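Chains A and B supply the protein sequences, listed in that same order. Just so we're aligned, residue 1 is where the first sequence starts under our numbering, counting upward by one. Just so we're aligned, residue 289 is where the second sequence starts under our numbering, counting upward by one.
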Amino acid sequence: MRARRAATAYLLILPFFAVFGLFWAGPIAASFLYSFTEWRGITPPSPVGLRNYENLLYDERFFTALGNTLWMAGLYVAIANTAALSLALALDSGWMRLRQFFRTAFFLPMTLSMVVAAVIFQLVYAGDIGLLAKLLAPLGIEIPALLRDPATAPYALVAMRVWRTTGYYAIIYLAGLQAISSELREAARLDGASELNVIRHVVLPGLKPVALFCIVLSTVSGLEMFDEPMVLTQGGPGDSTLTVVMFVYQQGFQFLQLGYAAAASYVLTVLIVLVSLVQRFWLRERGR
Amino acid sequence: MSDRLTPRRVLVILALFGVLAIIVMPWVWALLSSFKPRSEIMSTGFLPSEWLLDNYSGLFRDTLFVRWMFNSAVVSLSAAFLAMGLCGLAGYGFAKFDFPAKETLFLLVVASVSIPPFTTVIPLFGWMAKLGLLNTYPVLVLPFAASAFGLFMMRQYVSTLPDELFEAARIDGCGEARLFWSVVLPLARPALATVGILVFISSWNSFVWPLIFMRSNEMFTLPVGIAGMNSEQMAEYGLVMAAAVLSSVPMLLVFFAMQKQIIAGLTKGAVKG
Numbered sequence: 001m002r003a004r005r006a007a008t009a010y011l012l013i014l015p016f017f018a019v020f021g022l023f024w025a026g027p028i029a030a031s032f033l034y035s036f037t038e039w040r041g042i043t044p045p046s047p048v049g050l051r052n053y054e055n056l057l058y059d060e061r062f063f064t065a066l067g068n069t070l071w072m073a074g075l076y077v078a079i080a081n082t083a084a085l086s087l088a089l090a091l092d093s094g095w096m097r098l099r100q101f102f103r104t105a106f107f108l109p110m111t112l113s114m115v116v117a118a119v120i121f122q123l124v125y126a127g128d129i130g131l132l133a134k135l136l137a138p139l140g141i142e143i144p145a146l147l148r149d150p151a152t153a154p155y156a157l158v159a160m161r162v163w164r165t166t167g168y169y170a171i172i173y174l175a176g177l178q179a180i181s182s183e184l185r186e187a188a189r190l191d192g193a194s195e196l197n198v199i200r201h202v203v204l205p206g207l208k209p210v211a212l213f214c215i216v217l218s219t220v221s222g223l224e225m226f227d228e229p230m231v232l233t234q235g236g237p238g239d240s241t242l243t244v245v246m247f248v249y250q251q252g253f254q255f256l257q258l259g260y261a262a263a264a265s266y267v268l269t270v271l272i273v274l275v276s277l278v279q280r281f282w283l284r285e286r287g288r
Numbered sequence: 289m290s291d292r293l294t295p296r297r298v299l300v301i302l303a304l305f306g307v308l309a310i311i312v313m314p315w316v317w318a319l320l321s322s323f324k325p326r327s328e329i330m331s332t333g334f335l336p337s338e339w340l341l342d343n344y345s346g347l348f349r350d351t352l353f354v355r356w357m358f359n360s361a362v363v364s365l366s367a368a369f370l371a372m373g374l375c376g377l378a379g380y381g382f383a384k385f386d387f388p389a390k391e392t393l394f395l396l397v398v399a400s401v402s403i404p405p406f407t408t409v410i411p412l413f414g415w416m417a418k419l420g421l422l423n424t425y426p427v428l429v430l431p432f433a434a435s436a437f438g439l440f441m442m443r444q445y446v447s448t449l450p451d452e453l454f455e456a457a458r459i460d461g462c463g464e465a466r467l468f469w470s471v472v473l474p475l476a477r478p479a480l481a482t483v484g485i486l487v488f489i490s491s492w493n494s495f496v497w498p499l500i501f502m503r504s505n506e507m508f509t510l511p512v513g514i515a516g517m518n519s520e521q522m523a524e525y526g527l528v529m530a531a532a533v534l535s536s537v538p539m540l541l542v543f544f545a546m547q548k549q550i551i552a553g554l555t556k557g558a559v560k561g
């Protein structure tokens, strides 16, 4: 009986795992093996041991990409989560009759593909003919072509990503807020706690699982940034928006250094796993 | 808690409308630009001097926009339906059966979620070339159908259905295939709908997969087609804006028709932790 039940179960999960094996598990394992080979696409891969990883250590462009990715992702996570939490608190305290309307409206940018958002934003950022410059001109603020200047291009990409996803995270935070019982908050208020103290001592601790989810999710997506630099800047100007995934794409699919690209991609994979573990641990510790 | 309109609430609402303006403005800008002739997009005015449909007719005449939209629709719909099948079956297996290596297999799927895109794409490119799948629909459908998120969702939902129900059906002589078809599927319909919609959205918006695996203009999906128009030497920004506007219409319709399932699906996992 038990064996038959198990056989049925394997039949049930077989279709999923056949596809999952071919398109996810298999390639993830194969990529790891390829990262120890020299592989130029046409010829079969030949093993080179750790040489790809050694070369990465001396590749200045890789470190530029790593640095850009880390600080852009960090900035994005900080701004998106702060803004999303503030929006959620505003929605939660705001007038309930409008809450549903705002929830829908704030979610809308998430339905746009990153590519469409990117082509729209290039006309927002396009120097004096861009929307931003036209809106700020009456205030006497001049906006240069943000994507053409290495000093501003990374910020422009981060801002665009914040625009697209903050509403989504705000809705998640809002769902978390509404799961915290309002009696608890009322009780704290009746005991004379100020609004700020209620938020600090009642609301924020209760929000921790939701915050963990949003922070990990936004960090992972930030570290994997590719669509925006690919469509808008090609990693430029002057490598200022070169991200690790962009670097992997160039090495793998423009220069056909597939083994090298696999190694770079694996470094990012390990980094992502480490960062999400550390965040999990840190948020849990601070919760006690 | 009362729901009166206090002065503080009015301030909060005004601030929220400010945020709304920031969210809406780029869309309005894209819409306005899509009606402008080329010379006006490059000038400093706000409104088109006259509202032209040239960009839209140009989009249909000079580009493969309709074909790209067709490709996107075929790929995303197939992925959504296939995902409902694969994740429904596997979710039922994980929720209601015990079998060796169950936890390991599930963890394997969980672990695959945060893998950066090219880690899988690099070996797959060669494999797909050997299988003759480059430039075909299945290569964009299959990976999205084996959705890790879909599996969590289905497992979680099916495990809330009472075990007695399944036992009773088995005692009545119901075979496993019929049990899945006439008990699990109908009961799990809300979860299946959510999985279908979310897979549809992620497939419709995906960029890396079609960028790498679709090799000819007439097999592109919308994101790759639009990115291509945008990167031409003398890009026609009016056309690009018209394409951006039109390509987001189907998604908006889907969103407004099913926003409850979409928002619930995207927030549920988070709040339960």
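We treat Cβ as the ideally placed atom computed from N, Cα and C, and that holds for glycine. If you're wondering where the values come from, they're calculated on a predicted model, not measured in any experiment.
Return the first residue and the last residue of the alpha helix (DSSP H) that residue i is part of.
i: residue 446 of chain B; result: 436 to 447
i: residue 3 of chain A; result: 2 to 20
i: residue 451 of chain B; result: 451 to 459
i: residue 185 of chain A; result: 182 to 190
i: residue 68 of chain A; result: 60 to 93
i: residue 391 of chain B; result: 390 to 399
i: residue 146 of chain A; result: Run containing residue 146 of chain A: none; DSSP gives neither H nor E here.
i: residue 45 of chain A; result: Segment: none, residue 45 of chain A is in no alpha helix (DSSP H) and carries neither H nor E.
i: residue 306 of chain B; result: 295 to 322
i: residue 100 of chain A; result: 99 to 107
i: residue 214 of chain A; result: 208 to 223
i: residue 462 of chain B; result: Neither: residue 462 of chain B is in no alpha helix (DSSP H) and is coded neither H nor E.
i: residue 342 of chain B; result: 342 to 350
i: residue 122 of chain A; result: 114 to 124
i: residue 331 of chain B; result: Where residue 331 of chain B is concerned, there is no enclosing alpha helix (DSSP H), given that its DSSP letter is neither H nor E.
Residue i touches chain B at which residues, Cβ-Cβ below 9 Å?
i: residue 93 of chain A; result: 296, 297 and 300
i: residue 103 of chain A; result: 547 and 551
Whole-angstrom Cβ separation of residue i and residue j, contact assumed at under 8 Å?
i: residue 37 of chain A; j: residue 27 of chain A; result: Not quite, the Cβ-Cβ distance comes to about 15 Å (not below 8 Å), so this is no contact.
i: residue 446 of chain B; j: residue 371 of chain B; result: The pair is not a contact, with the Cβ atoms about 15 Å apart (cut-off 8 Å).
i: residue 107 of chain A; j: residue 171 of chain A; result: 6 Å
i: residue 90 of chain A; j: residue 303 of chain B; result: 6 Å
i: residue 229 of chain A; j: residue 157 of chain A; result: 7 Å
i: residue 240 of chain A; j: residue 153 of chain A; result: 5 Å
i: residue 503 of chain B; j: residue 423 of chain B; result: 5 Å
i: residue 404 of chain B; j: residue 269 of chain A; result: 6 Å
i: residue 432 of chain B; j: residue 13 of chain A; result: Going by Cβ atoms, the distance from residue 432 of chain B to residue 13 of chain A rounds to 18 Å, so no, they are not a contact pair.
i: residue 351 of chain B; j: residue 517 of chain B; result: 6 Å
i: residue 497 of chain B; j: residue 428 of chain B; result: 6 Å
Residues of chain B with a CB under 8 Å from the CB of residue i: which are they?
i: residue 27 of chain A; result: 407, 408, 409, 410, 411, 412 and 415
i: residue 222 of chain A; result: Simply none; closest approach about 12 Å.
Inspect the beta-carbon positions of residue i and residue j and report whether they are closer than 8 Å.
i: residue 352 of chain A; j: residue 455 of chain B; result: The displayed coordinates of chain A run from 1 to 288. Any statement about residue 352 of chain A would go beyond what the structure contains.
i: residue 231 of chain A; j: residue 176 of chain A; result: no
i: residue 73 of chain A; j: residue 225 of chain A; result: yes
i: residue 147 of chain A; j: residue 125 of chain A; result: yes
i: residue 166 of chain A; j: residue 84 of chain A; result: yes
i: residue 320 of chain B; j: residue 335 of chain B; result: yes
i: residue 322 of chain B; j: residue 530 of chain B; result: yes
i: residue 129 of chain A; j: residue 136 of chain A; result: no
i: residue 340 of chain B; j: residue 23 of chain A; result: no
i: residue 314 of chain B; j: residue 342 of chain B; result: no
i: residue 490 of chain B; j: residue 116 of chain A; result: no
i: residue 526 of chain B; j: residue 353 of chain B; result: no
i: residue 374 of chain B; j: residue 15 of chain A; result: yes
Closer than 7 Å by beta-carbon distance: list the chain A residues that pair up with residue i, in chain order.
i: residue 464 of chain B; result: 8
i: residue 496 of chain B; result: 226
i: residue 387 of chain B; result: 6, 9 and 10
i: residue 381 of chain B; result: 9, 12 and 13
Let me confirm a value: residue i is counted as buried when at least 16 other C-beta atoms fall within 10 Å, else exposed. Which label applies?
i: residue 161 of chain A; result: buried
i: residue 293 of chain B; result: exposed
i: residue 122 of chain A; result: buried
i: residue 560 of chain B; result: Below a pLDDT of 50, predicted positions are generally treated as unreliable, and residue 560 of chain B, at 47, falls in that range; no measurement from the model is reported.
i: residue 524 of chain B; result: buried
i: residue 330 of chain B; result: exposed
i: residue 257 of chain A; result: buried
i: residue 109 of chain A; result: buried
i: residue 492 of chain B; result: buried
i: residue 562 of chain B; result: Nothing can be reported for residue 562 of chain B, as the shown portion of chain B is limited to 289 through 561.
i: residue 485 of chain B; result: buried
i: residue 265 of chain A; result: buried
i: residue 191 of chain A; result: exposed
Anything in chain A within Cβ reach of residue i, meaning under 8 Å, just list it in chain order.
i: residue 356 of chain B; result: Per Cβ cutoff of 8 Å: no residues; residue 356 of chain B is ~12 Å from chain A at best.
i: residue 311 of chain B; result: 105, 106, 108, 109, 163 and 167
Report the neighbours of residue i on chain B: residues whose CB is nearer than 7 Å to its CB, in chain order.
i: residue 107 of chain A; result: 551
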